[in-house]
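All remarks here apply to the structure that follows.
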Amino acid sequence: MTSTVGSMAAPKTLDIPDRTGRLAVVTGANSGIGLETARRLAAAGAEVVLAVRNADKGRQAVENIVASLPDARVETAALDLSSLASVAAFSAARTEHGRPIDLLVNNAGIMAVPTRHTTADGFELQFGTNHLGHFALTGRLLPLLRAAPAPRVVTVSSTAHRIGRIDLDDLQGERKYRPWRAYGQSKLANLLFALQLQRLSVQAGWGILSNAAHPGSTRTNLQTTGPNLGGASRGAGLISGFMELPGLSQAADQGALPTLFAATSPDAHGGAYYGPNGVGELTGLPAPAHISRRARNTETAEVLWRVSEELTGVRFAP
Numbered sequence: 095m096t097s098t099v100g101s102m103a104a105p106k107t108l109d110i111p112d113r114t115g116r117l118a119v120v121t122g123a124n125s126g127i128g129l130e131t132a133r134r135l136a137a138a139g140a141e142v143v144l145a146v147r148n149a150d151k152g153r154q155a156v157e158n159i160v161a162s163l164p165d166a167r168v169e170t171a172a173l174d175l176s177s178l179a180s181v182a183a184f185s186a187a188r189t190e191h192g193r194p195i196d197l198l199v200n201n202a203g204i205m206a207v208p209t210r211h212t213t214a215d216g217f218e219l220q221f222g223t224n225h226l227g228h229f230a231l232t233g234r235l236l237p238l239l240r241a242a243p244a245p246r247v248v249t250v251s252s253t254a255h256r257i258g259r260i261d262l263d264d265l266q267g268e269r270k271y272r273p274w275r276a277y278g279q280s281k282l283a284n285l286l287f288a289l290q291l292q293r294l295s296v297q298a299g300w301g302i303l304s305n306a307a308h309p310g311s312t313r314t315n316l317q318t319t320g321p322n323l324g325g326a327s328r329g330a331g332l333i334s335g336f337m338e339l340p341g342l343s344q345a346a347d348q349g350a351l352p353t354l355f356a357a358t359s360p361d362a363h364g365g366a367y368y369g370p371n372g373v374g375e376l377t378g379l380p381a382p383a384h385i386s387r388r389a390r391n392t393e394t395a396e397v398l399w400r401v402s403e404e405l406t407g408v409r410f411a412p
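Just so it is clear: in the sequence shown, position 272 is 366 by the numbering used here, and no numbers are missing.
Right, dumping it as structure tokens:
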């Protein structure tokens, strides 16, 4: 069984509506797409929580934003998506605070780790961080999202979702680990999650608009952090070299636009997927992105959801 998503004309410009009085949580907001997303949301008046693993880098990101936006209301909070305990602690702190969350941007990620590593909970690092961490975070923050008047959840996927397969027989890459295969699986899981969350929101009346976005070919430290894990790698050099070729990549502020469109535009739809409108979806302004056949498979989405609940111990209350 499959689902379809409607089309939309590409916008000529991206005007972010006033976000004054709204609270946004952006994971991985200390650099790259996350930082630029947080900056633009703050510029539009939102209060933004930069949920980051490294506290020092989080403080530097806050200082970076405030340097150009002195009135910005931004703060940093500790969140390590490779640890379910950290996800639980972050969510408990937000719950104790009690403030409804208007926007959750599931942005943080790691890419193409050359050898198999595991999270604190024993999951393959890319699947555990990119998908399971965000799955657990969204589930734990669900009551705060539902308490907001018009909440949105944006999950950042990648064109690499097209090479992904959900291998239920070897979900953690224990039998056979390949860096890009694992990354593709995690990004496919991100997109399946975003689309399934929208279906469940409609069915259960949660009022949450869930969609997804990808940044195309954007220059960030993602291209080196994962491939260089545990030391320098030839793969990181090849990726960086490709990104420097004229017309094949864009800066982080441009790469953040599909995420910002999905997060704020009145023309963005639940269950949609946005990316750059240029050739190959590498660069450009936000437009509907290609959703692979595997990402449209609702049966796979339902199975992945159940497995994710079992692995994380987090269930989305009806």
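We put the CB at the ideal spot given by N, CA and C, even for glycine.
Evaluate residue i with the Cβ neighbour count: other Cβ atoms within 10 Å of its Cβ, from every protein chain shown; 16 or more gives buried, anything less gives exposed.
{"i": "Thr66", "result": "Only positions 95 to 412 of the chain appear in the structure, and residue 66 is not among them; the question remains open."}
{"i": "Ala206", "result": "buried"}
{"i": "Glu268", "result": "exposed"}
{"i": "Asp174", "result": "buried"}
{"i": "Ala149", "result": "exposed"}
{"i": "Ala140", "result": "buried"}
{"i": "Thr114", "result": "exposed"}
{"i": "Gln344", "result": "buried"}
{"i": "Ser101", "result": "For Ser101, the pLDDT reaches just 37, beneath the cut-off of 50, and the residue's location in the model is therefore unreliable, although a value from the coordinates is still provided. The residue in question, Ser101, is exposed, as its Cβ has fewer than 16 Cβ neighbours within 10 Å."}
{"i": "Arg388", "result": "buried"}
{"i": "Gly374", "result": "exposed"}
{"i": "Gly258", "result": "buried"}
{"i": "Arg193", "result": "exposed"}
{"i": "Pro245", "result": "buried"}
{"i": "Pro273", "result": "buried"}
{"i": "Gln292", "result": "buried"}
{"i": "Ala179", "result": "exposed"}
{"i": "Ala298", "result": "exposed"}
Can you name, in chain order, every residue of its own chain whose Cβ lies under 6 Å from the Cβ of residue i, other than the five neighbours on each side?
{"i": "Arg409", "result": "Glu403"}
{"i": "Tyr271", "result": "Arg210"}
{"i": "Arg400", "result": "none"}
{"i": "Arg240", "result": "Trp300"}
{"i": "Gly128", "result": "Val120, Gly122, Asn201"}
{"i": "Ser177", "result": "Ala214"}
{"i": "Thr358", "result": "Ile110, Pro111"}
{"i": "Leu289", "result": "Gly365"}
{"i": "Thr377", "result": "Gly310, Gln344, Pro370"}
{"i": "Gly203", "result": "Asn224"}
{"i": "Asp347", "result": "Glu130"}
{"i": "Leu303", "result": "Arg246, Gly364"}
For residue i, which residues from the same chain have a beta carbon less than 7 Å from its beta carbon, with the 5 sequence-adjacent residues on both sides left out?
{"i": "Arg134", "result": "Ile110, Ala350, Leu354"}
{"i": "His308", "result": "Val250, Ser251, Ser252, Thr253, Pro352, Gly369, Ala383"}
{"i": "Leu235", "result": "Ser185, Arg188, Ile195, Leu198"}
{"i": "Val256", "result": "Here residue 256 turns out to be Arg, not Val, going by the sequence shown. Within the same chain, Arg256 has close Cβ partners Ser386."}
{"i": "Asp165", "result": "none"}
{"i": "Gln266", "result": "Phe217, Glu218, Phe221"}
{"i": "Gly407", "result": "none"}
{"i": "Ala276", "result": "Glu218, Gln220, Phe221, Gly267"}
{"i": "Gln279", "result": "Phe221, Gly258, Arg259, Ile260, Asp261"}
{"i": "Leu108", "result": "Leu351, Leu354, Phe355, Leu379, Pro380"}
Going by the DSSP bridge assignment, what does residue i pair with across the sheet?
{"i": "Arg167", "result": "Glu141"}
{"i": "Gly369", "result": "Ala381"}
{"i": "Arg246", "result": "Leu197, Leu303"}
{"i": "Gln344", "result": "Thr312"}
{"i": "Thr121", "result": "Ala145"}
{"i": "Ala155", "result": "According to DSSP, which records beta bridges pairwise, Ala155 is partnered with nothing at all."}
{"i": "Ala132", "result": "For Ala132, which the question treats as bridged, DSSP gives no partner whatsoever."}
{"i": "Ala172", "result": "Val146"}
Among residues of its own chain, excluding the 5 on either side of residue i, which ones have a beta-carbon nearer than 8 Å to its beta-carbon?
{"i": "Ala161", "result": "none"}
{"i": "Glu396", "result": "Gln290"}
{"i": "Ala136", "result": "Val142, Ile159, Leu163, Ala166, Arg167, Val168"}
{"i": "Pro237", "result": "Thr189, Ala411"}
{"i": "Leu342", "result": "Ser311, Phe336, Leu376, Thr377"}
{"i": "Thr394", "result": "Ile260, Leu286, Arg388"}
{"i": "Lys151", "result": "Asn124, Ser125"}
{"i": "Arg153", "result": "Thr170"}
Give a yes or no on whether the minimum CB-CB distance between residue i and chain B is below 8 Å.
{"i": "Gly233", "result": "In the structure shown, chain B cannot be found, because there is only a single protein chain."}
Do the stretch 381 to 393 and the stretch 150 to 157 meet, that is, are 3 or more Cβ pairs less than 8 Å apart?
When C-beta atoms of the stretch 381 to 393 are compared with those of the stretch 150 to 157, fewer than three pairs fall below 8 Å, so the two segments do not count as touching.
Could you name each continuous alpha helix (DSSP H) segment of 4 residues or more that falls completely within the stretch 183 to 244, going from the start of the chain to the end?
For the stretch 183 to 244, the continuous alpha helix (DSSP H) assignments of 4+ residues that do not extend past its boundaries occur at 228 to 240, in sequence order.
With a cut-off of 8 Å, do at least 3 Cβ pairs link the stretch 217 to 232 to the stretch 356 to 374?
Judged by Cβ distances under 8 Å, the stretch 217 to 232 makes no contact with the stretch 356 to 374, as fewer than three pairs qualify.
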